[in-house]
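Student: Residue numbers (our numbering): 242 to 769. Can you read through this structure? Questions will come right after.
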Amino acid sequence: MKKSLLAAGLGLSMALSGVAQAKTMVFCSEGSPEGFTPSLYSAGTTFDASSQTIFNRLVQFETGTTKVIPGLAESWSASDDGLEYTFNLRKGVKFHSTPYFTPTRDFNADDIMFSFNRQWDKDHPYYAVGGEHLYFGWMGMDGLIGSIDKIDDHTVKFTLTKPESPFVSNPIASPILAPLTEYADNLTASGNQADIDFKPVGTGPFVFKSYKKDSMIRYEAFDDYWDGRSNIDKLVFAITTDSSVRYQKLKAGECHVMPYPNPADVAEMQADPEINVLEQEGLNVGYLAFNTEKAPFDQKMVRQALSMAINKQAILDIVFEGAGSVAKNPIPPTMWSYNHAVRDYAYDPAGAKSMLDAAGVSGLKTNIWAMPVQRPYNPNARRMAELIQADWAAVGVDAEIVTFEWGEYLKRSNAGEHDTVLLGWTGDNGDPDNFMGVLLGCAAAKSGGNRARWCHEEFDSLLNEARQLTDQAERTVLYEAAQEIFKEEAPWVTIAHSVAFKPVRAEVTGFKVHPLGSHIFYDGVDLK
242 MKKSLLAAGL GLSMALSGVA QAKTMVFCSE GSPEGFTPSL YSAGTTFDAS SQTIFNRLVQ
302 FETGTTKVIP GLAESWSASD DGLEYTFNLR KGVKFHSTPY FTPTRDFNAD DIMFSFNRQW
362 DKDHPYYAVG GEHLYFGWMG MDGLIGSIDK IDDHTVKFTL TKPESPFVSN PIASPILAPL
422 TEYADNLTAS GNQADIDFKP VGTGPFVFKS YKKDSMIRYE AFDDYWDGRS NIDKLVFAIT
482 TDSSVRYQKL KAGECHVMPY PNPADVAEMQ ADPEINVLEQ EGLNVGYLAF NTEKAPFDQK
542 MVRQALSMAI NKQAILDIVF EGAGSVAKNP IPPTMWSYNH AVRDYAYDPA GAKSMLDAAG
602 VSGLKTNIWA MPVQRPYNPN ARRMAELIQA DWAAVGVDAE IVTFEWGEYL KRSNAGEHDT
662 VLLGWTGDNG DPDNFMGVLL GCAAAKSGGN RARWCHEEFD SLLNEARQLT DQAERTVLYE
722 AAQEIFKEEA PWVTIAHSVA FKPVRAEVTG FKVHPLGSHI FYDGVDLK
């Protein structure tokens, strides 16, 4: 390990040579991004590397809260019937200049039209470039949006097919917007359309400089950023997949911020005067999803039995070091509409075995897909899979543990290749629909965001009805009923809601733990 750390430190020192006078912040990120167009992907790793650095959204969330504030839109309004949303765009917003593109104009409505039509209009010249726009499909936006109209250079109007109360926060504030037109036209003219996803140009606080997969991403502060230049001159993502190595780099001063520490290391970090451990109760859930399109997981009784066979408290104690709570619902207990009355499945191996026998299931061979990266909702998926594997073996189920590289893992599970899969979610906006609709709705079952591939008509009807209401109390009643159905049907084993720990070096100031899981290096972040 010492040799690995020395090599990593030497590589980082070489990468930063010549910039000693600049304020350079190093983030020991947990993995490589899948690309740099956020609408094509769904992982927080990718959003950190693209939507939080290179791009902006029409509206965004205030750092550290779920409050929606202006972004590229300085104001917005909705019609009385909830079907029309008009966004008034900010003037004077500049695009990045790079060695491969020099803008000739400021941001305007054409750029918003490009970004949303790329995800929505199948005839758009960039619709099929790079692959499927996952998040857009998961949220059912293709059926919700009736039209997108440019009113003038600084006004855009969305007309919906039905009222959608979370529309401004989800999808408008979601990290899926990559607004640009002129750059895309240049790439089309040169025949290099694919470059749009790997040589990004945006309006955000940092300019993309270079990327070496599984090694490093380099950014520089954008001098002409519309909201003021970053305090940080240069930002480096030092990609470090092993949490123990990230910790060693943090202690050595080779990085300033690290995500997803090993829970067993937190106490030692808290005792180190050179490290500040920030923490916040996570707006997240970790789960195991059954592929309900595959037998025998198409049987509710089997899913219930396998849920009962898992000792979730042991997982919380061993994998999370007790830093969190056992999950029973698909939304965290800090979220409005959480149904406290729902009863979880008790850990009952004998009862689980009897239910499997009653369902005619014996000698079952299956798999558990385990993530290759640490996430806030699962700090050690491999260990979690081993514990579940042992619990299921006790009731006669033989489960093989399977894993892939992170991008491949997401792609294959999105396509439904798994029997069961460990995943989770950190909320994007604080609305229950962002969990239940995106992860469990029928539209998401078709597009892959619903890894259980579970479509329940009554559950989905409750979600659709809740989206069309604006009164939170009325929406709460519907979401509480939906959670009852979810627990009865058991498409997931809900595992845990974790506490989010964020270790930073003592010289870092202004960094905030964001409840939506993002790592934001603008908005007051600095180095002493």
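Idealized CB from N, CA, C, for every residue including glycine.
#1: For residue 606, collect the residues of the same chain with a Cβ closer than 7 Å to its Cβ; drop the 5 residues on either side in sequence, then sort them by chain order.
#2: Could you tell me how far apart the beta carbons of residue 740 and residue 564 are, in whole angstroms, since I believe they sit closer than 8 Å?
#3: Quick check: the region 537-547 against the region 479-498, are there 3 or more CB pairs under 8 Å?
#4: Does the region 421-432 come within contact of the region 352-372, defined as at least 3 CB pairs closer than 8 Å?
#5: Rank 306, 395, 299, 487 by C-alpha distance to the C-alpha of residue 758 and give the top, closest one.
#6: For the 8 Å Cβ check, are there 3 or more pairs between the region 440-456 and the region 362-371?
#7: Could you tell me the boundaries of the alpha helix (DSSP H) in which residue 328 lies?
#8: Using a 10 Å radius around the Cβ and a threshold of 16 neighbouring Cβ atoms, would you call residue 374 buried or exposed?
#9: Specify the secondary structure class of residue 300 as computed by DSSP and reduced to three states.
#10: Which of helix, strand or coil does DSSP assign to residue 336?
#11: Determine the burial state of residue 525: buried for a count of at least 16 other Cβ atoms within 10 Å of its Cβ, exposed for fewer.
#12: Pull up the CB-CB distance for residue 211 and residue 518, whole angstroms please, since I reckon it's below 8 Å.
#13: Could you pull out every residue in the same chain whose Cβ sits closer than 8 Å to the Cβ of residue 401, ignoring the five residues on either side in sequence?
#14: Using a 10 Å radius around the Cβ and a threshold of 16 neighbouring Cβ atoms, would you call residue 832 buried or exposed?
#15: Please determine, among 591, 336, 397, 486, the residue with the shortest C-alpha to C-alpha distance to residue 268.
#16: Assuming contact is defined by CB atoms lying nearer than 9 Å, are residue 299 and residue 413 in contact in what I supplied?
#17: Should residue 691 be labelled buried (16 or more other beta-carbon atoms within 10 Å of its own) or exposed?
#18: Looking at residue 530 and residue 693, is the spacing between their C-beta atoms short of 9 Å?
#19: For residue 432, count neighbouring C-beta atoms within 10 Å of its own C-beta (all shown protein chains included) and say buried if the count is 16 or more, exposed if not.
#20: Measuring CB to CB, does residue 547 end up less than 9 Å from residue 636?
#21: Under the three-state reduction of DSSP, which class applies to residue 315: helix, strand or coil?
#22: Leaving out five residues on either side along the sequence, give the residues of the same chain with a beta carbon under 6 Å from the beta carbon of residue 516.
#23: Which class does residue 744 belong to by DSSP, given the choice of helix, strand or coil?
#24: If you run the structure through DSSP and keep just helix, strand and coil, what is residue 595?
#25: Assuming residue 610 contacts residue 662 (C-beta within less than 8 Å), just tell me the rounded distance between them.
#26: Hey, quick one: how far does the alpha helix (DSSP H) through residue 778 stretch, first residue to last?
#27: Here's the rule: buried if 16 or more other CB atoms are within 10 angstroms of the residue's CB, otherwise exposed. What is residue 258?
#28: Give me, in chain order, the residues of the same chain whose beta-carbon lies closer than 6 Å to that of residue 254; leave out the 5 immediate sequence neighbours on both sides.
#29: Mind checking residue 244: buried by the 16 CB within 10 Å criterion, or exposed?
#30: How should residue 247 be labelled, buried or exposed, when 16 other C-beta atoms within 10 angstroms of its C-beta is the threshold for buried?
#31: If you compare alpha carbons, which of 571, 765, 376, 604 is closest to residue 223?
#32: Report the three-state DSSP secondary structure of residue 487 (helix, strand or coil).
#33: What is the residue span of the beta strand (DSSP E) that residue 621 lies within?
#34: Look at the Cβ atom of residue 734, then the Cβ atom of residue 588, and state whether they are nearer than 9 Å.
#35: Quick check: what's the CA-CA separation for residue 451 versus residue 459?
#36: Once you ignore the five residues that flank residue 482 on each side, which residues in its own chain have a CB closer than 7 Å to its CB?
Tutor: In terms of the structure at hand:
#1: Here the set comprises 639.
#2: 4 Å
#3: no
#4: yes
#5: 306
#6: Not touching, per the Cβ criterion.
#7: Note, residue 328: premise wrong, no alpha helix (DSSP H); beta strand (DSSP E) at 325-330.
#8: buried
#9: strand
#10: coil
#11: buried
#12: In the structure displayed, the chain extends from 242 to 769; residue 211 sits before or after that span and is not available.
#13: 323, 324, 325, 326, 385, 386, 387, 408
#14: The chain is shown only over 242 to 769; residue 832 falls outside these bounds and no answer can be derived.
#15: 486
#16: Taking a C-beta distance under 9 Å as the contact criterion, residue 299 and residue 413 qualify as a contact pair.
#17: Counting Cβ neighbours within 10 Å, residue 691 comes out buried, since at least 16 surround it.
#18: yes
#19: With fewer than 16 neighbouring CB atoms inside 10 Å of its own CB, residue 432 falls in the exposed class.
#20: With contacts defined by Cβ atoms closer than 9 Å, residue 547 and residue 636 form a contacting pair.
#21: strand
#22: Excluding residues within five positions, the ones whose Cβ falls inside 6 Å are 510, 744.
#23: strand
#24: helix
#25: 4 Å
#26: The chain is shown from 242 up to 769; residue 778 falls before or after that span and cannot be answered.
#27: Note on residue 258: pLDDT 46, under 50, position unreliable in the model; the coordinate value appears next. Result: exposed.
#28: The predicted position of residue 254 is uncertain, since its pLDDT is 48 and thus under 50; no value can be drawn from it.
#29: In this prediction, residue 244 scores a pLDDT of 40, lower than 50, which makes its location untrustworthy; no coordinate-derived value is stated.
#30: Because residue 247 carries a pLDDT of 41, less than 50, the predicted location of this residue cannot be relied on, and the following value inherits that uncertainty. That one is exposed.
#31: No answer is possible for residue 223: the residues shown for the chain start at 242 and end at 769.
#32: helix
#33: Careful: residue 621 lies outside any beta strand (DSSP E) and carries neither H nor E.
#34: no
#35: 5 Å
#36: Exclusion of the five residues before and after residue 482 leaves 271, 272, 614 as the residues of its chain whose Cβ lies within less than 7 Å of its Cβ.
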